[in-house]
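Novice: Structure incoming, see below.
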Amino acid sequence: MLSIQKLRASVEGQEILKGIDLEVLPGEVHAIMGPNGSGKSTLAHVLAGHPSYEVREGAVVLDKKNVLDMSPDERAQRGLFLAFQYPVEVPGVSVTKFLKHAHDARFKDDEKRRFASVLDFRKYLQKVAAELEVKESLLKRGLNEGFSGGEKKRLEILQMAVLEPSFALLDETDSGLDIDAIKAVSRGVKKIVKKFGTGIVVITHYQRILKYLKPDFVHIMVKGKIVRHGGIELARELEKTGYKEWQDQ
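Just so you know, we're using our numbering here: the sequence shown kicks off at 89 and counts up by one.
Right under this line is the structure:
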């Protein structure tokens, strides 16, 4: 279980998260929706271990360990994956090389998961890329260098598949994507959930990606708090009513 418990956090002295409680089980898909400035991306940054954010209270427990006490790389090794709205470019470092190093770091203590050679890993990566509808030509290019928005987001899903996380948080993965890309990303996420039992938390403003992901739970975050829980019908309701009801409270 990934358990977020009474999480309060601030940036530059201003409290943004005001007591977040959320539990995610393996294989579950959760969606967090909310207006701009509600604290959704702050939650992602806090889970990632961004140094600009100060945790004032609470815990984030994974496998009975509080990941807030860990460095970002230790969190990743524990099986926590974060995909952000704007993936960074790393010119000169090929996608294959980057993912090989990331995979080795993730499974450094698990000999059964390690690949005997770079060639073996390359064959494995090509297979996974084909399954997730990622063009093989992208694997030879610099990480996200010159990639379209859709290509960057598909590559993040490929990274997630290679790292086999226990839990993943996707921060506005649908931002700037056309319908075809949203469908492809959604198919990829669902394949990873089915294959590895990964628990997913997807942060989004809109219902459109949820139409294809079909989350088990939808949560509304407003002013640093989760104010309502529900199923996919809650996302449909928001498309009609917006967030005004909670923002005015």
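Built from N, CA and C at the ideal position, the CB exists for glycine as well.
(1) Identify every run of the beta strand (DSSP E) within the segment 263 to 300, keeping only runs that are complete inside it and at least 3 residues long; order them along the chain.
(2) In or out: VAL310 buried (at least 16 other Cβ within 10 Å) or exposed?
(3) Could you check what DSSP says for GLY146 in three-state terms: helix, strand or coil?
(4) Suppose the cutoff is 6 Å on Cβ atoms and the five residues either side in sequence are ignored; what does the same chain contact list for ALA323 look like?
(5) Quick one: does HIS133 have its CB under 8 Å from some CB of chain B?
(6) Less than 8 Å between the CB atoms is what I'm expecting for ILE291 and ASP259, so what's the real figure, rounded?
(7) Within 10 angstroms of its Cβ, does ASP208 collect 16 or more other Cβ (buried), or is it exposed?
(8) Are VAL273 and LYS240 closer than 8 Å when you measure CB to CB?
(9) Starting from LYS313, trace the beta strand (DSSP E) in both directions and tell me its first and last residue.
(10) How big is the Cα-Cα spacing for MET89 and ILE108?
(11) If we ignore side chains and look at the alpha-carbon of each, how far apart do THR191 and SER159 end up?
(12) Give the straight-line distance between the Cα atoms of GLN102 and SER129, rounded to the nearest whole angstrom.
(13) Mind pulling the alpha helix (DSSP H) runs of 4 or more residues that sit fully within the segment 148 to 214?
(14) Quick one: Cα of GLY167 to Cα of GLU327, how far?
(15) With a threshold of 16 other CB atoms inside 10 Å of the CB of GLU116, please say whether the residue is buried or exposed.
(16) Do PHE255 and VAL112 have their CB atoms nearer than 8 Å?
(17) Thinking C-alpha only, which one of VAL289, LEU110 and ALA97 is nearest SER91?
(18) Could you name the residues that DSSP lists as bridge partners for GLU111?
(19) At which residue ranges does the segment 226 to 268 contain complete alpha helix (DSSP H) runs of 4 or more residues, listed in the order of the chain?
(20) Of the residues THR184, LEU257, GLY264 and ARG201, which one's Cα is nearest the Cα of SER225?
(21) Is it true that the segment 244 to 255 meets the segment 169 to 184, where meeting means three or more beta-carbon pairs spaced less than 8 Å apart?
(22) Could you please give me the residues that DSSP links to LYS106 through a beta bridge?
Specialist: On the basis of the supplied data:
(1) 287 to 292
(2) That one is buried.
(3) strand
(4) GLN295, LEU298 and VAL306
(5) The structure shown contains no chain B, having only a single protein chain.
(6) 5 Å
(7) It counts as exposed.
(8) no
(9) 313 to 318
(10) 16 Å
(11) Correcting the residue type first, residue 191 is His in the shown sequence and not Thr. Each residue's Cα considered, the two are about 18 Å apart.
(12) 15 Å
(13) 160 to 165 and 183 to 194
(14) 33 Å
(15) buried
(16) yes
(17) LEU110
(18) SER91
(19) 237 to 251
(20) THR184
(21) yes
(22) ARG96
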